[in-house]
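Enquirer:
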Amino acid sequence: MSDWEEVAKVGEIETGTCKSVDVDGTQVALFNLDGEYYAIEDVCTHDGSEISCGIVLGEEIMCPRHGARFCIKTGEVLAPPAYEDIESFPVRVKGHSIQARDKRWD
Ligand code: FES
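576 is the number of the first residue of the sequence shown in the working numbering; add one for each residue after it.
What follows is the structure, given as structure tokens:
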């Protein structure tokens with residue numbers, strides 16, 4: 576099982592926004608939705624754009640290039656032109672530390 580890594584501090588990411596962070600060598604988009612944190616790989620499954628540059632619409636992120644939409648909480652694809660989900664990463668908060676890990680190594 577991979578280790579939890581600190582990726583940000585509580586208060587560093589405003590609600591409704593995200594930050595691109597490194598989790599064990601993978602770029603991940605870390606979102607704050609009303610004080611709950613979620614992480615998905617920072618790559619659009621349509622054509623590889625950085626999803627962290629997209630527009631947050633409630634619980635969805637819209638890719639800045641061609642408008643595909645994904646669920647921020649799960650990485651599930653919600654609208655074309657993408658048809659594959661984005662990998663999601665577990666996130667936890669320990670004190671003031673926001674931590675994530677890459678569950679693909681479990
Ligand atoms: S690269 Fe994201 S919709 Fe095309």
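We put the beta carbon where it would ideally sit given N, CA and C, even for glycine.
List the endpoints of the continuous beta strand (DSSP E) containing Thr-601.
Expert: Residues 601–608.
Enquirer: Between Ala-604 and ligand 1, is there a pair consisting of the residue's CB and a ligand heavy atom that are separated by less than 7 Å?
Expert: Checking the Cβ of Ala-604 against ligand 1 gives no.
Enquirer: Give the straight-line distance between the Cα atoms of Gly-586 and Asn-607, rounded to the nearest whole angstrom.
Expert: The alpha-carbon atoms of Gly-586 and Asn-607 are separated by roughly 9 Å.
Enquirer: Along the chain, which unbroken stretches of the beta strand (DSSP E) at least 3 residues long are found entirely within the segment 643–679?
Expert: The segment 643–679 contains these whole beta strand (DSSP E) runs: 644–646, 652–654, 666–669 and 672–675.
Enquirer: Any idea which residues DSSP pairs Val-631 with across the strands?
Expert: Ile-636.
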